[in-house]
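One line per chain: the protein sequences are U and W, in this order. Under numbering that gives the first Met the number 0, residues 0 to 287 are what the first sequence spells out, in order. Under numbering that gives the first Met the number 0, residues 0 to 267 are what the second sequence spells out, in order. Just below is one structure, and these are the notes that go with it.
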Amino acid sequence: MKNIEVRGLTHVYSRGTPFEKTAIDSLDLAIQAGMTVGLIGHTGSGKSTLISHLNALLKPTAGTVLLDGEDIFASKAAIRAARFRVGVVFQYPEYQLFEETVFADIAYGPKNLKLDKSEIDRRVRQAAAFVGLDEGYFDRSPLELSGGQKRRTAIAGVLAMEPELLVLDEPTAGLDPAGRADLLEKLFAWKRARNATVLLVTHDMTIAGLCDRLVVMEAGRIVLDGTPAEVFAQSGKLLSIGLDLPPAAHIARLLREKGLDVPAGIYTEDQLYEAVLALWQGKGGVPC
Amino acid sequence: MLKDITLGQYFPGDTPVHRLDPRTKLLLTVFYIIALFTVGSWGGYALCIAALGAVMTVSHIRPGALLRGLKPLVFIIVFTAALNLFFTTGDDYLFRWRSIKISYAGLERAAAMVLRILLLVSGTFLLTYTTSPLAITDGLERLLSPLKKLHVPVYELSLMMCIALRFIPLLIEETDRIMSAQKARGADLETGTLPERARALMPLLIPLFVSSFRRADELALAMECRCYNGGEGRTRMKQLHMAGRDAVAFCLGGALMAGILLLRRLGI
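So, in structure tokens, the structure goes:
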């Protein structure tokens, strides 16, 4: 069983200056292999700082990160190994594109892994196929592509490293609804095919509802942790820390406030439909 | 790690030093530099150190912040010290071994030069630590405005400086971000031979250039959308006003200069 565990992690920025800020405050988190975990929290709650520790880009002020029980900060070799095992797609990853061709850009990570040529070739093709870039794009400059295609190229660059844990920081930010749905579907397909673990940072509560488990952060700490149903059942708490609810959960909450008997923890349209239908029939209505 | 660069970084605060007119601070910094070069005795250096210490205390700048800023200058300081130490001829030698000689005069001169560089840089750091970049450009523009008569494009120069200063933190942030992204893809920026390291910088530099051009384009567009058309006839949102504390600051600066000249005369 491969998993990642964060123990007592604290990170303080700009220590000893007037800008000193505790971004993460003794945080514990364990993620089981094969799970899709959503990380939500408003801007400045420490999400991005947390994910930068998972592949050893930031060194913790205190605490540590364990990958299969081993400290990733133990040695230079361990840090480098963690970089390859934990793939991180940062916000707006298209700004990291630099190579002359799409193919070369996707191959940058695998090349750093010092793989042989045929393996690099296989991985680039596979990663490109996963994100839906056909081979016609391989020889084009990544800088000439449209925004959505750039995003896919950048994500493929990380997928090609075949990480065991994939961390995505708002992968769908700035995409149109169709592009968003398409990209998510492709990412979930990749996850299933590789049986990888995924940590998804998002502001979009509909996307959060697709995860197996949700972790809510506020001011550098975890305030809620559980299945989407459990987390969205705490709608008052979520709203009080400035977060949103999925549309269905919002409607359910409004209905509950009106005194109607709608169960807590509803967050998908289907569940809402069932609940409203039950109410309707309970009042003697006929389903249409 | 890039965030540790403090060169020219502003520490916001609300102390008498922060509240001084930027023109006063600029002029006094120039004055301080001239004073440093007129120092002719150890007593004069002591006076400068005392003045620097007083400004630091009043403006709540911690010595640690100053030292961090001095770190990149270690090479220049060591180089200057070595040059003066080994190549000053004198009568009495402290140390002699084959062609390597260290004279007492050389020792004294090296110490004085190092002290001078440290004081010089610290003084200018105090200016940038206590004055926001925008205030500095504002002050500079006002101080240089007489040059407009000589057709020096003062306004354009100060606008360029202002934009450059504004973009430095953005570029640092951007570099940090791109560096993280490439490191996440296994980029190795720290080891390897020199050509290897130079090559390893490409994944950093190209996205940085691309985004700089994008930013410049966006800024130009935004300025045109607001009907920007140069300096002629523009009024300012923040007017600079000299106040009583500026007069006090000038008096203290004058006192420092007088003290240095006096100590030089007395040879203390």
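Cβ atoms here follow ideal geometry from the backbone N, Cα and C, with glycine treated the same way. These figures come from a predicted structure and were not determined experimentally.
* Asked: Does V209(W) have its Cβ less than 8 Å from a Cβ in chain U?
  -> yes
* Asked: Where does Y287(W) fall in DSSP's three states?
  -> It is not possible to answer for residue 287(W), since the shown part of chain W is limited to 0 through 267.
* Can you tell which of E19(U), V230(U), F89(U), L253(U) has the C-alpha that lies nearest to the C-alpha of E173(W)? -> F89(U)
* To do: Determine the direct distance from the alpha carbon of V57(W) to that of L251(W), and round the result to whole angstroms.
  => 14 Å
* To do: Using a Cβ-Cβ cut-off of 8 Å, state whether P206(W) counts as contacting chain U.
  => yes
* To do: Could you name the residues of the same chain whose beta carbon sits closer than 8 Å to that of K2(W), not counting the 5 residues immediately before and after it, in chain order?
  => Here K2(W) scores only 49 on pLDDT, less than 50, and its place in the model should not be relied on; the value that follows carries that caveat. Here the set comprises I171, D175.
* Which one or two residues does DSSP pair with H10(U) in a beta bridge? -> I23(U)
* Cβ-Cβ distance between A180(W) and Q95(U) below 8 Å -> yes
* Anticipated Cβ contact below 8 Å, D27(U) with V11(U), distance rounded -> In fact, because the Cβ distance is near 17 Å, the residues do not count as touching under 8 Å.
* Run down chain U in chain order and give the residues with a C-beta less than 8 Å from the C-beta of P11(W). => P17
* To do: Using a Cβ-Cβ cut-off of less than 7 Å, give me the residues of the segment 87 to 102 of chain U that come near chain W, in sequence order.
  => V87, F89, P92, Y94, Q95, L96, F97
* Which two residues bound the contiguous alpha helix (DSSP H) that contains R165(W)? -> 153 to 183
* Distance, N111(U) Cα to A177(U) Cα -> 34 Å
* Starting from the beta carbon of S179(W), find every residue of chain A whose beta carbon is closer than 7 Å, and list them in chain order. => Absence of chain A from the displayed structure is noted, the protein chains being U and W.
* Asked: Around the C-beta of V130(U), are 16 or more other C-beta atoms found within 10 angstroms, so that it is buried, or is it exposed?
  -> buried
* Asked: When the Cα of L164(U) is compared with those of E19(U), T35(U), L8(U), R14(U), which residue comes out closest?
  -> T35(U)
* Asked: Bridge partners of Y107(U), per DSSP?
  -> Looking at the DSSP assignment, Y107(U) forms no beta bridge with any residue, so it has no partner.
* Indicate the three-state DSSP secondary structure (helix, strand or coil) for Y272(U) in the structure shown. => helix
* Mind checking which residues open and close the alpha helix (DSSP H) that includes A61(U)? => Note, A61(U): premise wrong, no alpha helix (DSSP H); beta strand (DSSP E) at 61 to 66.
* **Length of the line joining the Cα atoms of P202(W) and D175(U)** => 28 Å
* Asked: CA-CA distance, L26(W) and R233(W)?
  -> 25 Å
* **Proximity winner among I221(U), L198(U), E217(U), relative to D211(U) (alpha-carbon distances)** => L198(U)
* Roughly how many angstroms lie between the CA atoms of A197(W) and G208(U), to the nearest whole one? -> 45 Å
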